[in-house]
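Residue numbers (this note's numbering): -10 to 333.
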């Protein structure tokens, strides 16, 4: 596919995205374990996420309020569907904001890895909210097809549709941008949801033009098309969020772990596993070791590997490196495990 086609798919949220930050980063700007006098990267990224959520909520709330006024005056079911969707999109900011706030809490004896997983739970709630808005919008559109009704103030309906597009596109841009910065699948999914809302708002404009041209069913038909668009984004978002919930990672992450190991002379990987906890990556790596290897040398190799991992993977929060006997070194697994340790 051409570069333009890839960019178009990516803009719609249908392309392959590198949310993991696992490209070849050799600049060393990733987090490096226990540092002093430096803001915790988890706090920094969640603060950025909270900023995006707050402003997206404000923009979408204002957009939905303006559209609601026109809905009450005009009776447009297409605009009603778009407004319902925008209200649902604004409401999704609430569980995501709560998740980011909880993720800032330090680990406890009960939640030894912190509360980063709450972000994945928020992603599920967001998908359910989007699904509910699709059902409501579809019901209203079908009802209007069966029971047609005249629409008034077509010019204002069109203006409200344009306002919806501008508001949603603004929200989509900074949600996706910030989501990629902090490696948050939930925030990125929310951003693409907002982008789809923008196109449904433009569809409202087309519906108003159709009614003005003498085709009154254009309004409910557009409302039904909006419903289909909402269901499409439910499918796209649920795949990304459920993958994280089931400890799935992008295939390139494991490859990047092996690539980092290649930069450390004397290190041979036996096993490499990784999983997301919120928008931070945790890795568990086993390397082959000879029983005659001195402890000091083993610790040096482990420290060098950890440094390479943090440089290659800025999203990495913790890496647990362990040694396995040399006779097991022929095994090389790419599975997803349950061991994500802390760097010491």
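The C-beta atom is built at its ideal place from N, Cα and C for all residues, glycine as well.
Residue from the options with nearest C-alpha to residue i
i           : options            : result
residue 396 : 139, 175, 252, 232 : Missing from the structure shown is residue 396; the chain here goes from -10 to 333 and no further.
residue 214 : 225, 227, 203, 188 : 188
residue 229 : 68, 289, 87, 172   : 172
residue 177 : 246, 209, 109, 216 : 109
residue 276 : 257, 232, 200      : 257
residue 179 : 141, 225, 202      : 225
residue 130 : 111, 146, 107, 206 : 206
residue 102 : 111, 267, 310      : 267
residue 159 : 181, 294, 204      : 181
residue 48  : 239, 183, 310      : 183
residue 86  : 283, 175, 99       : 175
residue 46  : 289, 164, 219      : 164
residue 284 : 202, 260, 312      : 312
residue 223 : 185, 251, 89       : 185
residue 254 : 105, 208, 287      : 287
residue 82  : 203, 282, 281, 44  : 44
residue 251 : 57, 294, 157       : 294
residue 202 : 161, 162, 157, 143 : 143
residue 161 : 99, 281, 75, 100   : 75
Limits of the unbroken beta strand (DSSP E) element including residue i
i           : result
residue 270 : 269 to 278
Beta-carbon proximity check, residue i vs residue j, cutoff 8 Å
i           : j           : result
residue 314 : residue 291 : no
residue 306 : residue 269 : yes
residue 125 : residue 73  : yes
residue 167 : residue 64  : no
residue 118 : residue 77  : yes
residue 79  : residue 50  : yes
residue 141 : residue 62  : yes
residue 272 : residue 304 : no
residue 107 : residue 91  : yes
residue 67  : residue 216 : no
residue 357 : residue 274 : Only positions -10 to 333 of the chain appear in this structure, which leaves residue 357 out of reach.
residue 146 : residue 59  : yes
residue 219 : residue 122 : yes
residue 84  : residue 114 : yes
residue 93  : residue 208 : no
residue 88  : residue 111 : yes
residue 265 : residue 289 : no
Per DSSP, cross-strand counterpart(s) of residue i
i           : result
residue 310 : 274
residue 262 : 273
residue 305 : 270
Close Cβ partners of residue i (< 7 Å) along its chain, the five nearest in sequence each way excluded
i           : result
residue 55  : 149, 152
residue 154 : 187, 190, 191
residue 195 : 211
residue 227 : 116
Contacts around residue i, its chain only, beta-carbon distance under 6 Å, and the 5 residues preceding and following it disregarded
i           : result
residue 249 : 297, 298, 301
residue 11  : Note on residue 11: pLDDT 41, under 50, position unreliable in the model; the coordinate value appears next. Here the set comprises 241, 242, 245, 302.
residue 99  : none
residue 104 : 91, 92, 94
Residue-level contact to chain B via CB, residue i, 8 Å cutoff
i           : result
residue 138 : Of the protein chains in the structure, only one exists, and it is not chain B.
Endpoints, alpha helix (DSSP H) assigned at residue i
i           : result
residue 163 : 143 to 170
residue 140 : From DSSP, residue 140 is part of no alpha helix (DSSP H); its letter is neither H nor E.
residue 350 : The question about residue 350 has no answer, for the chain in this structure spans -10 to 333.
residue 228 : 207 to 234
residue 283 : Careful: residue 283 lies outside any alpha helix (DSSP H) and carries neither H nor E.
residue 183 : 174 to 201
residue 72  : 66 to 80
residue 240 : 240 to 251
Same chain, Cβ closer than 8 Å to residue i, neighbours up to 5 away in sequence not counted
i           : result
residue 247 : 258, 261
residue 221 : 185
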